[in-house]
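Here the structure comes first, spelled out in structure tokens, and everything after it is commentary.
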Amino acid sequence: AVPHIHDGLKPVQRRILHSLKEMDDGRFNKAANVIGNTMKYHPHGDASIGDAMVQIGQKSLLIDCQGNWGDPVTGDSAAAPRYIEARLSKFALDVVFNPDTTEWQSSYDGRNKEPVTLPVKFPLLLAQGAEGIAVGLATKVMPHNFIELIDASIEILKGNRPDLLPDFPTGGLADCSAYNEGQRGGKIRVRAKIEERDKKTLAITEVPFSTTTGSLIDSVISANDKGKIRIKKIEDNTAKDVEIIIHLAPGISPDVTIDALYAFTDCEVSISPNTCVIKENKPHFMSVNDILTESTVFTRELLKQELEIRLAELKERIFFSSLLKIFIQNGMYKNPDYESSGNFEAVVKVLNKLFAPFTPQFYRPILPEDFKKLIDKPMSSITRFDVKKADEQMKSLENEIKEVNKHLKHLTEYAIDWFIKLKEKFGKGRERKTELRVFDRVEAAQVALANVKMYMNRTDGFVGTVLKKDEFIGDCSDLDEIIVFREDGKFLVTKVQEKVFVGKDIMHAAIFKKNDERTVY
């Protein structure tokens, strides 16, 4: 599926979070129970819900996890759902939910209500990243740094355009010079962090995003088997932190080996982003900066809705408090006409007449439902009514209304304060993990080891690695090129191959070094 631009969630993720909120009592719930409850909303198998839930949990933002939830760095899978537990994080409870600003729809069987989108007041899609396939299209959104997203949102509210670059949870080094704002055609080169412990030992301490320690080790062993690199031994000491130790063969340069690891193994991978989101019920290909701008504007709109709802609640409380105060202070409950009223319609008629002099001071007309609330007040609370306390409460409500009106008038400043408080409350420990660099291009031919021998047959005009009975040219790598001069005065350059015809009567053949200013033929 493809995530929605407003909450950054796919349908299964939205339903899992809604289900967790429905079950939330502050304690952990068995993942199997959450999956079962989510199936009320998600008409698919329990395995797909479980996998999606583990992916959310591993991102350490929306769900607090208990038990073995696996490790995306090592590729270890989570324990079965009956053994692991989950609950919503404090961040999710603060940022993701508000039933008053949520648009609802019927679930697939019409028995329940589920959110169309969740009112997320944060650029969740860009923080978590997303990968998915829908009918006829795919999406690949890179994860970005929590603190940088908040800072960029504040800059947008100040009228500036952001410039986001990805930050991967696995760390490593990244060259984002061709990121293209996360749109199609962009490219990110991501590298492992490799340290030289001594002249014979290298240590990989961070792996590139989208790889695991297992797949990285397999790629190193494969490169060694093919003769691309030469190592003596590789050890995986990964526990809480990544540590892959590579022991080099005697006489091998650590610097050349590091370059060769980037050239021939998964120590360097290339990622092609393709940012696609659902907007107005259609897929849209957008830049990450435009998505952040939309998300920030949407957050400000949600904050406005919350303020307007709060203002309406405060006005209603003042309205009823004033109504009650007038009703008691003026002794309306002791009025003979009121006491002798036989039914509700008669009561409404009497109270309308009694309240007539006071109606101009109310912000809206008095409705029969308001009189119903007055009538339902027990006599004990009427006789114990404290005018001074009621005035203090109304004064407090009036002050709160002034504050809400001030926030509505200065909505952008209020939204900026919201983001600043988010950063102060949840930003600790979410600093950038991926180091941004511009990589030099590693020429594979320059770092490849001489792992094959080259031969030639002068008379028949063949060169190649399988002509072992013929004349030896030299050691080379399978990425090198051969230069051949013939007796007719012509020369040619060809790739190293098993056997290739270059023309009869070879005069001279050698390993060809590009840009070599010393050799004269």
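For the sequence shown, the working numbering assigns the number 14 to the initial residue and increments by one for each residue that follows.
Here a beta-carbon is modelled for each residue, glycine too, at the ideal position from N, C-alpha and C.
All of these numbers come straight from a predicted model, not from anything done at the bench.
Backbone secondary structure at Ala536 - three-state DSSP: As displayed, the chain neither begins before 14 nor continues past 534, which places residue 536 out of reach and without an answer.
Taking only runs that begin and end inside the stretch 67-148, name each unbroken beta strand (DSSP E) of 3 or more residues, in chain order. 76-79, 98-101, 116-119, 126-130 and 143-147
How big is the Cα-Cα spacing for Asp84 and Glu219? Residue numbering aside, residue 84 sits at position 71 when the sequence shown is read from its first letter. Residue numbering aside, residue 219 sits at position 206 when the sequence shown is read from its first letter. If I take the Cα positions, the gap works out to 14 Å.
Could you check whether Arg443 and Ile271 sit closer than 7 Å to each other, using their CB atoms as the reference points? Translated into positions along the sequence shown, residue 271 becomes position 258. Translated into positions along the sequence shown, residue 443 becomes position 430. Their beta carbons are not under 7 Å apart, which means Ile271 does not touch Arg443 by this criterion.
Span separating the alpha-carbon of Ala105 from that of Lys253: Counted from its first residue, the sequence shown places residue 105 at position 92. Counted from its first residue, the sequence shown places residue 253 at position 240. Ala105 and Lys253: Cα-Cα distance of roughly 26 Å.
Cβ of Val290 within 7 Å of Cβ of Glu194? On the sequence shown, position 277 is the one that residue 290 refers to. On the sequence shown, position 181 is the one that residue 194 refers to. No.
In chain order, what residues of the same chain lie with their CB nearer than 8 Å to the CB of Thr372, ignoring the 5 residues before and after it? Here the question's residue 372 lines up with position 359 in the sequence shown. If we look at Thr372 and ignore the five residues flanking it on each side, its Cβ neighbours are Pro378 and Ile379.
Taking the C-alpha atoms as reference points, what is the distance between Arg95 and Ala45? As a working mapping, residue 95 is identified with position 82 in the sequence shown. As a working mapping, residue 45 is identified with position 32 in the sequence shown. Going from the Cα of Arg95 to the Cα of Ala45 covers about 5 Å.
Contact set for Phe514: own chain, Cβ-Cβ below 6 Å, skip 5 residues either direction: For the purposes of this step, residue 514 is taken as residue 501 along the sequence shown, with counting starting at 1. Excluding sequence neighbours, Phe514 sits near Gly474 and Phe475.
Do Val154 and Gly145 have their CB atoms nearer than 7 Å? Residue mapping note: residue 154 aligns to position 141 of the sequence shown, counting from 1. Residue mapping note: residue 145 aligns to position 132 of the sequence shown, counting from 1. No. Outside cutoff.
Where the beta strand (DSSP E) through Tyr468 begins and ends: Residue 468 sits at position 455 when you count from the first residue of the sequence shown. First-last of the beta strand (DSSP E) with Tyr468: Val465 to Asn470.
Tell me whether the stretch 49-60 and the stretch 77-91 touch, counting them as touching only if at least three CB pairs, one residue from each stretch, are closer than 8 Å. Because the criterion of three Cβ pairs below 8 Å is not met, the stretch 49-60 and the stretch 77-91 do not touch.
How would you write the range of the beta strand (DSSP E) that Lys446 sits in, first residue to last? As a working mapping, residue 446 is identified with position 433 in the sequence shown. Unbroken run through Lys446: none, as it is neither H nor E.
Within a Cβ cutoff of 7 Å, which residues of the same chain sit near Pro370, ignoring the five residues on either side of it in sequence? Residue numbering aside, residue 370 sits at position 357 when the sequence shown is read from its first letter. Contacts found: none.
How many Å lie between Lys366 and Pro128 at the Cα? For the purposes of this step, residue 366 is identified with residue 353 of the sequence shown, where counting begins at 1. For the purposes of this step, residue 128 is identified with residue 115 of the sequence shown, where counting begins at 1. If I take the Cα positions, the gap works out to 45 Å.
Since Phe41 contacts Glu116 with CB under 8 Å, what's their CB separation in whole angstroms? Within the sequence shown, numbered from 1, the residue matching residue 41 stands at position 28. Within the sequence shown, numbered from 1, the residue matching residue 116 stands at position 103. At roughly 30 Å, the Cβ-Cβ gap does not stay under 8 Å, so Phe41 and Glu116 are not in contact.
Distance CB(Ile167)-CB(Ile429) smaller than 7 Å: Here residue 167 refers to the residue found at position 154 when the sequence shown is read from its first residue. Here residue 429 refers to the residue found at position 416 when the sequence shown is read from its first residue. Yes. Within cutoff.
Give a yes or no on contact between the stretch 409-423 and the stretch 352-362, applying the rule of three or more CB pairs nearer than 8 Å. no
Quick check on the DSSP output: the alpha helix (DSSP H) that includes Glu358 runs from which residue to which? Locating residue 358 in the sequence shown gives position 345, counting from the first residue. Taken as a continuous stretch (DSSP letters only), the alpha helix (DSSP H) holding Glu358 covers Phe357 to Phe368.
In whole angstroms, what separates the C-alpha of Ser90 from that of Glu248? Position 77 of the sequence shown, counting from 1, holds the residue named residue 90. Position 235 of the sequence shown, counting from 1, holds the residue named residue 248. Between Ser90 and Glu248, the C-alpha separation is close to 21 Å.
Pro24 by DSSP, collapsed to three states: which one? Residue 24 sits at position 11 when you count from the first residue of the sequence shown. The three-state secondary structure of Pro24, taken from DSSP, is helix.
Quick one: is Arg397 buried, meaning 16 or more other Cβ sit within 10 Å of its Cβ, or exposed? Along the sequence shown, one-based indexing puts residue 397 at 384. Its Cβ having fewer than 16 others within 10 Å, Arg397 is exposed.
Contact check, Gly227 vs Gly21 under 8 Å by CB: the rounded distance? For this step, residue 227 is matched to residue 214 along the sequence shown. For this step, residue 21 is matched to residue 8 along the sequence shown. At roughly 30 Å, the Cβ-Cβ gap does not stay under 8 Å, so Gly227 and Gly21 are not in contact.
Taking the alpha carbon of Asp501 as the reference point, which residue from Ile519, Val67, Asp493 and Val533 has its own alpha carbon closest? Counted from its first residue, the sequence shown places residue 501 at position 488. For the residues Ile519, Val67, Asp493 and Val533, the minimum Cα distance to Asp501 belongs to Ile519.
If Ile395 sits next to Ile341, beta carbons under 8 Å apart, how far is it from one beta carbon to the other, in whole angstroms? Start at 1 with the first residue of the sequence shown, and residue 395 comes out as number 382. Start at 1 with the first residue of the sequence shown, and residue 341 comes out as number 328. About 6 Å; that satisfies the 8 Å criterion.
Checking 7 Å against the spacing of the C-beta atoms, do Lys317 and Leu435 come in under that value? Taking the first residue of the sequence shown as 1, we reach residue 317 at position 304. Taking the first residue of the sequence shown as 1, we reach residue 435 at position 422. Result no, Cβ atoms of Lys317 and Leu435 do not sit closer than 7 Å.
Does the stretch 195-215 come close enough to the stretch 232-242 to have 3 or more Cβ pairs within less than 8 Å? no
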